[in-house]
Amino acid sequence: MVRLDVDVLRDHLITKGINQLYKCWLSHIEILGDASSNVDTGMGFDTLMEDETHEELMYDDEGVEEMINALQESIEDCPEMLENLSIDAKKPLYSGCSKFSRLSGVLKLLSIKASNGVTDKCFTKFMEAFHEILPEGNLLPSRTYDAKKMLTSIGLSYERIHACPNDWILYRKEYASLESCPECNVSRYKKNKVPAKFMWYFLIIPRFRRLFSVPVEAKNLTWHADSDGREKDGMLRHPADSPQWVKIDKDFPDFGAEPRNLRLALATDAEVYDVIYIDFGPKATSHDIDVYLAPLVEDLKLLWESGVEVFDAHRKENFNLKAMLFGTINDFPAYGNLSGYSVKGYNACPICDENTSSIRIPNSNKIVYMENRKGLPVKHRYRKWKKAFNGKCEEGKFPISLSGDQIFKKVQGLNVKHGKLNSNQLPSKGYKKESIFFGLPY
Numbered sequence: 012m013v014r015l016d017v018d019v020l021r022d023h024l025i026t027k028g029i030n031q032l033y034k035c036w037l038s039h040i041e042i043l044g045d046a047s048s049n050v051d052t053g054m055g056f057d058t059l060m061e062d063e064t065h066e067e068l069m070y071d072d073e074g075v076e077e078m079i080n081a082l083q084e085s086i087e088d089c090p091e092m093l094e095n096l097s098i099d100a101k102k103p104l105y106s107g108c109s110k111f112s113r114l115s116g117v118l119k120l121l122s123i124k125a126s127n128g129v130t131d132k133c134f135t136k137f138m139e140a141f142h143e144i145l146p147e148g149n150l151l152p153s154r155t156y157d158a159k160k161m162l163t164s165i166g167l168s169y170e171r172i173h174a175c176p177n178d179w180i181l182y183r184k185e186y187a188s189l190e191s192c193p194e195c196n197v198s199r200y201k202k203n204k205v206p207a208k209f210m211w212y213f214l215i216i217p218r219f220r221r222l223f224s225v226p227v228e229a230k231n232l233t234w235h236a237d238s239d240g241r242e243k244d245g246m247l248r249h250p251a252d253s254p255q256w257v258k259i260d261k262d263f264p265d266f267g268a269e270p271r272n273l274r275l276a277l278a279t280d281a282e283v284y285d286v287i288y289i290d291f292g293p294k295a296t297s298h299d300i301d302v303y304l305a306p307l308v309e310d311l312k313l314l315w316e317s318g319v320e321v322f323d324a325h326r327k328e329n330f331n332l333k334a335m336l337f338g339t340i341n342d343f344p345a346y347g348n349l350s351g352y353s354v355k356g357y358n359a360c361p362i363c364d365e366n367t368s369s370i371r372i373p374n375s376n377k378i379v380y381m382e383n384r385k386g387l388p389v390k391h392r393y394r395k396w397k398k399a400f401n402g403k404c405e406e407g408k409f410p411i412s413l414s415g416d417q418i419f420k421k422v423q424g425l426n427v428k429h430g431k432l433n434s435n436q437l438p439s440k441g442y443k444k445e446s447i448f449f450g451l452p453y
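The opening residue of the sequence shown carries number 12 in my numbering; numbering runs sequentially from there.
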């Protein structure tokens, strides 16, 4: 048996697809029978091409048509993806070419790239040369990026978004055509149009569609509501047992009434951010993370306000999927970056805020936080101990955490500009920005 790394397997799946003779994966809990019977929406590949003859679609494409038929079930709820694939499969690579379509030509070259470990930079050089060698007007992409972008509907869609090196803006929307940052005037590019900084955003909506396109996954996504075996004894066994879940159902009954609606967790780390499906190449700094979260927040707003049509392969029906950000998972520094609270210095506790008990240790540069016995029961024996702690009895109590509405009132009107060049102008304590998540309707 040959063991291959993830990149090689991914490239193989993109260029070769899955063997259609392999109908049942017995090691993956699939049900015996015809795999094609799992999804039936009444819309076939032939329907989209009813005006084309079979001969007009045929090229010597090493299974391109077979690959599209295989993909049909997983993307037929996204007709624009299937349409893009089918158009590229019909277009000849150049005028008069009968052997390769645009899609099969790109797949052929990417297959060679993957089989021989050719780097993206080297492959771009080959693509540029092939583009010049082929007849004028040929449809072969001249860059690796463009070739891979053709296949985003086969894999999972993503966006490669250029960013200001000083974290002021993302080059999208009104900034898409600019070649330098309007705030700091730093160039968008290094040499030869290579972006100085960029981020990868793996689009969440296509991924959710993929999840629901697999019958087993679609069923598991509503396990909390459909499972007869789930214990409901007042214990916290699932997020659905939490008071927060219940509150959302009460405040937004229409959202809670559809068990397929998603409640998402956002996980971040202080050094490298892995935010659902956002991946940051260069590190984003402190509160500037909001600049990079903008595409995600826009998708979250769409998923809350109008939702998207998704095919449920378990129930074999279309439905309107909505989603919300249910919570975050992060360490303390990342919490500060997301919330906008300064988690360093004398007032580092977001609960105690200005009442944080802290001292700087003599002859060092360390700040320590005292009076932690406030969290113990009132009659706990440690409260009376002096020598083991700071030489004092502890009579105080922890303050009550501020509500979301109270925090929102504190941060409203904080006009803090993003960007590294403004980092020295940030408040040294307390809240330093209005978090981008306050822009979510809920």
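In this text, a Cβ means the ideal position worked out from N, Cα and C, and glycines have one as well.
Owing to the predicted nature of the structure, the values given are computational and were not obtained by experimental measurement.
What do you get for residue i, buried or exposed, if any count of 16 or more other CB atoms within 10 angstroms of its CB means buried?
i: residue 193; result: exposed
i: residue 277; result: buried
i: residue 130; result: exposed
i: residue 300; result: buried
i: residue 449; result: exposed
i: residue 191; result: exposed
i: residue 262; result: exposed
i: residue 112; result: buried
i: residue 383; result: exposed
i: residue 453; result: exposed
i: residue 173; result: buried
i: residue 156; result: exposed
i: residue 419; result: exposed
i: residue 446; result: buried
i: residue 264; result: exposed
i: residue 18; result: exposed
i: residue 257; result: exposed
i: residue 185; result: exposed
i: residue 43; result: Model confidence at residue 43 stands at a pLDDT of 39, short of 50, so the residue's coordinates are unreliable; what they give is reported in the following sentence. The residue is exposed, with fewer than 16 neighbouring Cβ atoms inside 10 Å.
i: residue 325; result: buried
i: residue 405; result: buried
i: residue 146; result: exposed
i: residue 246; result: exposed
i: residue 124; result: buried
i: residue 126; result: exposed
I need the DSSP call for residue i, collapsed to helix, strand or coil.
i: residue 320; result: strand
i: residue 430; result: coil
i: residue 352; result: strand
i: residue 173; result: strand
i: residue 328; result: strand
i: residue 162; result: coil
i: residue 400; result: coil
i: residue 243; result: coil
i: residue 412; result: coil
i: residue 146; result: coil
i: residue 249; result: coil
i: residue 35; result: Summary for residue 35: the model assigns pLDDT 49, below 50, so the residue's position carries little reliability; its value from the coordinates is reported in the next sentence. Residue 35 falls in the coil class under three-state DSSP.
i: residue 391; result: coil
i: residue 225; result: coil
i: residue 474; result: Nothing about residue 474 can be read from this structure; the chain reaches only from 12 to 453.
i: residue 424; result: coil
i: residue 362; result: coil
i: residue 257; result: helix
i: residue 233; result: coil
i: residue 217; result: helix
i: residue 344; result: helix
i: residue 406; result: coil
i: residue 357; result: coil
i: residue 3; result: Here the chain has residues from 12 to 453 only, and residue 3 is not among them.
i: residue 130; result: coil
i: residue 451; result: coil
Quick one: what's residue i bridged to in DSSP?
i: residue 103; result: 112
i: residue 376; result: BP columns for residue 376 are empty, so no partner.
i: residue 482; result: Examination of residue 482 is not possible in this model, given that the chain is present from 12 through 453 alone.
i: residue 339; result: 277
i: residue 206; result: 200
i: residue 191; result: 198
i: residue 442; result: 352
i: residue 3; result: Nothing can be reported for residue 3: it is not among the residues displayed for the chain, which extend from 12 to 453.
i: residue 181; result: 174
i: residue 334; result: 273
Inset, instruction - Report yes or no: do three or more beta-carbon pairs, one from the stretch 347 to 358 and one from the stretch 249 to 257, lie closer than 8 Å? - result: No contact exists between the stretch 347 to 358 and the stretch 249 to 257.
Inset, instruction - Please confirm if the stretch 132 to 143 is in contact with the stretch 166 to 182, defined as three or more CB-CB distances below 8 Å between the two stretches. - result: Taking 8 Å as the limit for Cβ pairs, the verdict is that the stretch 166 to 182 does not touch the stretch 132 to 143.
Legend entry - Inter-stretch contact (C-beta, 8 Å, three-pair minimum) for the stretch 261 to 278 and the stretch 330 to 338: When C-beta atoms of the stretch 261 to 278 are compared with those of the stretch 330 to 338, three or more pairs fall below 8 Å, so the two segments count as touching.
Legend entry - Three-pair Cβ contact test at 8 Å for the stretch 150 to 161 versus the stretch 112 to 127: Yes, since at least three Cβ pairs between the stretch 150 to 161 and the stretch 112 to 127 fall closer than 8 Å, the two stretches touch.
Legend entry - Sufficient close CB pairs (3 or more, under 8 Å) joining the stretch 307 to 317 to the stretch 363 to 380: Segments in contact, no.
Inset, instruction - Please confirm if the stretch 313 to 325 is in contact with the stretch 215 to 233, defined as three or more CB-CB distances below 8 Å between the two stretches. - result: Taking 8 Å as the limit for Cβ pairs, the verdict is that the stretch 215 to 233 does touch the stretch 313 to 325.
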